[in-house]
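S.K.: Residue numbers (the numbering used here), protein chains in the order written: chain F, 1 to 253; chain D, 1 to 252.
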Amino acid sequence: MAGAHRHLLVHGQSPIHTMAPEAKIAATFLFVVGVAVTPREAVWAFVVDGVVVAVLMAVAGYRFGQAVARFAAVLPFVAFAFLIPFVASGEQVDVLWFSVSREGLWATWNILAKALLGTGASLVLAGTTPIPEVVRGLGRLRVPALVVSIVAFMFRYLDLIVEEMARMRTAMVARAHDPRWLWQAKPLASAAGAMFVRSYERGERVHAAMLSRGFTGTMPQLEHRPASAAEWAAAMMVPMVSLAAAAAGFALT
Amino acid sequence: MTPALVVEDVSFAYPRGPKVLDHLSLTVAAGQRVALLGANGAGKTTFALHLNGVLELQSGRITVNGLPLQEQNLGEIRRRVGMVFQNADDQLFMPSVREDVAFGPANLKLPKEEQASRVAEALAAVEATALADRAPHHLSGGEKRRVAIAGVLAMRPDLLVLDEPTSGLDPAGRRELADLLTSLALTQLVITHDLPFALELCPRSVIVSAGTVVADGPTPEILADTELLAANRLELPFGFDPRTVRRGDATG
Numbered sequence: 001m002a003g004a005h006r007h008l009l010v011h012g013q014s015p016i017h018t019m020a021p022e023a024k025i026a027a028t029f030l031f032v033v034g035v036a037v038t039p040r041e042a043v044w045a046f047v048v049d050g051v052v053v054a055v056l057m058a059v060a061g062y063r064f065g066q067a068v069a070r071f072a073a074v075l076p077f078v079a080f081a082f083l084i085p086f087v088a089s090g091e092q093v094d095v096l097w098f099s100v101s102r103e104g105l106w107a108t109w110n111i112l113a114k115a116l117l118g119t120g121a122s123l124v125l126a127g128t129t130p131i132p133e134v135v136r137g138l139g140r141l142r143v144p145a146l147v148v149s150i151v152a153f154m155f156r157y158l159d160l161i162v163e164e165m166a167r168m169r170t171a172m173v174a175r176a177h178d179p180r181w182l183w184q185a186k187p188l189a190s191a192a193g194a195m196f197v198r199s200y201e202r203g204e205r206v207h208a209a210m211l212s213r214g215f216t217g218t219m220p221q222l223e224h225r226p227a228s229a230a231e232w233a234a235a236m237m238v239p240m241v242s243l244a245a246a247a248a249g250f251a252l253t
Numbered sequence: 001m002t003p004a005l006v007v008e009d010v011s012f013a014y015p016r017g018p019k020v021l022d023h024l025s026l027t028v029a030a031g032q033r034v035a036l037l038g039a040n041g042a043g044k045t046t047f048a049l050h051l052n053g054v055l056e057l058q059s060g061r062i063t064v065n066g067l068p069l070q071e072q073n074l075g076e077i078r079r080r081v082g083m084v085f086q087n088a089d090d091q092l093f094m095p096s097v098r099e100d101v102a103f104g105p106a107n108l109k110l111p112k113e114e115q116a117s118r119v120a121e122a123l124a125a126v127e128a129t130a131l132a133d134r135a136p137h138h139l140s141g142g143e144k145r146r147v148a149i150a151g152v153l154a155m156r157p158d159l160l161v162l163d164e165p166t167s168g169l170d171p172a173g174r175r176e177l178a179d180l181l182t183s184l185a186l187t188q189l190v191i192t193h194d195l196p197f198a199l200e201l202c203p204r205s206v207i208v209s210a211g212t213v214v215a216d217g218p219t220p221e222i223l224a225d226t227e228l229l230a231a232n233r234l235e236l237p238f239g240f241d242p243r244t245v246r247r248g249d250a251t252g
């Protein structure tokens with residue numbers, strides 16, 4: 001559980017791995033925008049986007065089983081989409097032995113296709129870019145320094161907080177705590193409170209450590225190789241596909 | 001020669017709390033390695049946070065290498081006093097080791113090339129050059145401690161203050177830390193209740209109790225005074241006799 005984000009990295013030295021992070025982040029974001037605005041009826045547009053994602057994942061070095069396992073993470077979020085055809089109104093069609101709403105089927109398809117394509121694009125980014133690189137990329141993309149610092153600190157201390165939470169849970173289980181019902185949630189709530197206080201105190205200690213090394217309120221800008229024009233051009237080919245597919249989808253449907 | 005650190009009559013109380021430091025005075029000569037001993041709650045960490053002005057001076061005076069601790073000198077004082085915190089995770093907050101070590105030099109507004117050479121030099125001094133591109137939370141306890149020290153060394157301090165440097169280290173990590181600290185030609189104030197570590201590293205020891213200095217002398221003598229140790233809730237490990245430890249034994 002601890003350090004989950006570290007395991008998202010797919011080890012390798014593909015051209016996507018070595019690309020400057022800001023180009024990858026921008027490309028991922030724009031690609032997802034392209035996918036999101038594609039009309040749902042333009043099924044072939046999603047197929048084109050899907051091929052792009054599949055090729056990128058293969059280049060990034062994802063193995064098939066590994067990719068499927070990671071896509072599974074999106075399932076809880078799209079689970080409700082499968083209910084829509086049953087509850088939506090409008091013209092009914094027969095699928096297998098169910099009578100479902102045509103409109104609902106389209107809605108499910110829309111959510112599922114876009115969620116999976118968005119996840120795929122994010123997996124390419126997450127699989128090829130270590131977190132510190134992502135943070136640097138955000139800085140290069142002129143995301144406000146304060147936001148970048150918050151993201152950096154969050155990732156730096158996420159592991160520690162998760163580990164601390166796991167230790168607390170172990171301590172509870174070790175004393176026969178076995179919550180099954182809502183009214184047994186009180187210890188969990190106090191643990192969350194304790195976590196908050198501990199994190200706050202850690203924040204104070206980190207701040208003291210920063211002051212001790214001459215921190216005056218602005219994070220220093222550290223050396224970093226900017227993306228070359230060639231990298232930008234290569235990265236932007238990816239969102240070009242999804243945006244073009246979206247535009248064509250609008251024109252043809 | 002100007003002493004590295006002069007602390008005169010420093011008292012401190014947290015708001016609505018008891019007095020933590022009570023007329024504490026201490027002088028450390030340049031180049032000396034001094035152990036600051038005391039039980040938990042004796043005021044050691046509060047004292048340390050005064051040395052670079054993280055806690056504001058309520059009364060008394062502190063001078064670092066001749067420079068008084070005052071608002072307008074705060075930047076320079078923080079460069080001169082290198083503070084290594086008890087929990088290395090609190091100190092290593094940047095995404096990579098290299099960036100963390102560069103944090104101090106960058107705050108000093110040094111040119112980029114100078115920053116890079118400071119980082120290389122500091123990492124080499126703690127034998128952590130190979131860790132430069134690692135993320136701090138992937139390091140072992142001993143590695144974290146060494147990198148935290150590198151982050152401070154990169155500011156070229158005059159005085160190194162280490163708060164419980166051996167806490168959480170395994171015996172090998174502790175050994176490496178002792179070797180590292182002996183190899184650094186710097187004035188050092190080692191806050192600890194690890195008495196064998198103090199004996200090994202520091203010729204002089206100071207015992208703090210209830211926020212004031214209650215004993216100050218050569219470490220072997222301090223550690224041989226069992227009544228003094230007991231009165232200050234300090235204990236030697238079972239079977240450890242400081243009188244039979246020779247320096248050769250301690251470091252070999």
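Think of the CB as a built atom: it goes at the ideal place given N, C-alpha and C, for glycine as much as any other residue.
Report the residues of the region 93 to 110 of chain D with a CB closer than 7 Å to any CB of chain F, ordered along the chain.
M.R.: F93, P95, S96, E99, A102, F103, G104, A106, N107, L108
S.K.: Cα-Cα, which of F:S212, F:P226, F:A230, F:A244 is closest to I77 of chain D?
M.R.: Taking the second sequence and counting its residues from 1, the one referred to as residue 77 of chain D is at position 77. Residue F:S212 is the option with its Cα nearest to I77 of chain D.
S.K.: Take every Cβ of the region 2 to 14 of chain D, pair it with every Cβ of the region 64 to 83 of chain D, and state whether three or more of those distances are shorter than 8 Å.
M.R.: yes
S.K.: Kindly indicate which three-state DSSP category D22 of chain D falls into: helix, strand or coil?
M.R.: Residue 22 of chain D sits at position 22 when you count from the first residue of the second sequence. In this structure, DSSP gives D22 of chain D an extended state, which the three-state scheme calls strand.
S.K.: With which residues is Q92 of chain F paired in a DSSP beta bridge?
M.R.: Your numbering for residue 92 of chain F matches position 92 in the first sequence. Q92 of chain F is bridged to F:S101.
S.K.: Out of curiosity, what's the CA-to-CA distance linking A174 of chain F and F85 of chain D?
M.R.: Stepping through the first sequence from its first residue, residue 174 of chain F is reached at position 174. Stepping through the second sequence from its first residue, residue 85 of chain D is reached at position 85. Straight-line spacing of the CA atoms in A174 of chain F and F85 of chain D works out to 32 Å.
S.K.: Which residues mark the beginning and the end of the beta strand (DSSP E) in which Q188 of chain D is found?
M.R.: Residue numbering aside, residue 188 of chain D sits at position 188 when the second sequence is read from its first letter. Counting along the chain, the beta strand (DSSP E) containing Q188 of chain D begins and ends at 187 to 192.
S.K.: Got a sec? Which residues, its chain only, sit under 8 Å from S14 of chain F by beta carbon, not counting five neighbours each side?
M.R.: On the first sequence, position 14 is the one that residue 14 of chain F refers to. Only V59, A60, G61, T128 meet the Cβ criterion.
S.K.: Verify the CB distance criterion: does R225 of chain F have a CB-CB separation below 8 Å to chain D?
M.R.: Along the first sequence, read from residue 1 onward, the residue named residue 225 of chain F stands at position 225. Taking Cβ atoms only, chain D never reaches closer than 8 Å to R225 of chain F, which makes this a no.
S.K.: For A106 of chain D, collect the residues of the same chain with a Cβ closer than 7 Å to its Cβ; drop the 5 residues on either side in sequence, then sort them by chain order.
M.R.: If you number the second sequence from 1, residue 106 of chain D lands on position 106. Annotation for A106 of chain D: Q115 place their beta carbon closer than 7 Å to its own, counting only its chain and skipping 5 residues before and after.
S.K.: I need the DSSP call for A39 of chain D, collapsed to helix, strand or coil.
M.R.: On the second sequence, residue 39 of chain D is found 39 positions in, with the first residue counted as 1. Correct three-state label for A39 of chain D: coil.
S.K.: So which residues of chain F does H137 of chain D contact, with C-beta pairs closer than 8 Å?
M.R.: Counted from its first residue, the second sequence places residue 137 of chain D at position 137. Chain F residues near H137 of chain D: G3, R156, D159, L160.
S.K.: Which bits of chain F does R146 of chain D rub up against, with CB to CB less than 7 Å?
M.R.: On the second sequence, residue 146 of chain D is found 146 positions in, with the first residue counted as 1. Here the premise fails: no neighbours, minimum Cβ distance about 16 Å.
S.K.: Could you work out which residue in D:L180, D:V126, D:T219, D:A125 is closest to P203 of chain D when comparing CA atoms only?
M.R.: Residue 203 of chain D sits at position 203 when you count from the first residue of the second sequence. Among D:L180, D:V126, D:T219, D:A125, the Cα nearest to that of P203 of chain D belongs to D:T219.
S.K.: Comparing C-alpha positions only, which one of F:F71, F:L56, F:W97 sits nearest to A113 of chain F?
M.R.: The sequence position of residue 113 of chain F within the first sequence is 113, counting from 1. Cα-wise, what sits closest to A113 of chain F is F:F71.
S.K.: Listed from N- to C-terminal order along the chain, which residues in the region 125 to 145 of chain F have their beta-carbon within a distance smaller than 7 Å of any beta-carbon of chain D?
M.R.: I131, P132, V135
S.K.: Whose CA, out of D:G211, D:D225, D:T244, lies closest to the CA of H50 of chain D?
M.R.: Counted from its first residue, the second sequence places residue 50 of chain D at position 50. Comparing Cα positions, the closest option is D:G211.
S.K.: Check distances from the C-beta atoms of the region 195 to 213 of chain F to those of chain D and list, in chain order, the residues that come in under 8 Å.
M.R.: R202, R205, V206, A208, A209, M210, L211, S212, R213
S.K.: Cutting at 6 Å between CB atoms, please list the residues of its own chain near V241 of chain F, excluding the five before and the five after it.
M.R.: Taking the first residue of the first sequence as 1, we reach residue 241 of chain F at position 241. Cβ neighbours of V241 of chain F beyond the five flanking positions: V52.
S.K.: Taking only the alpha-carbon atoms, compute the straight-line gap between Y14 of chain D and P242 of chain D and give it to the nearest angstrom.
M.R.: Position 14 of the second sequence, counting from 1, holds the residue named residue 14 of chain D. Position 242 of the second sequence, counting from 1, holds the residue named residue 242 of chain D. Put simply, the backbone Cα of Y14 of chain D is about 37 Å away from that of P242 of chain D.
S.K.: Identify which residue in D:A125, D:A135, D:R145, D:H138 has its Cα closest to the Cα of G173 of chain D.
M.R.: Stepping through the second sequence from its first residue, residue 173 of chain D is reached at position 173. Nearest of D:A125, D:A135, D:R145, D:H138 to G173 of chain D, Cα basis: D:R145.
S.K.: Quick one: any contact between the region 228 to 237 of chain F and the region 23 to 33 of chain F, if contact means 3 or more CB pairs under 8 Å?
M.R.: yes
S.K.: For the alpha helix (DSSP H) containing G12 of chain F, list its first residue and its last residue.
M.R.: Translated into positions along the first sequence, residue 12 of chain F becomes position 12. Here G12 of chain F belongs to no alpha helix (DSSP H), and DSSP marks it neither H nor E.
S.K.: Using alpha carbons as the reference points, say which of D:L201, D:P95, D:E164, D:A224 lies closest to G38 of chain D.
M.R.: Counting from 1 along the second sequence, the entry for residue 38 of chain D is found at position 38. It is D:E164 whose Cα lies nearest to the Cα of G38 of chain D.
S.K.: Would G252 of chain D be called buried (16 or more neighbouring beta carbons within 10 Å of its own) or exposed?
M.R.: Counting from one through the second sequence, the residue named residue 252 of chain D turns up at place 252. Note that G252 of chain D has pLDDT 38, beneath the 50 cutoff, so the model's placement of it is unreliable and no number is given.
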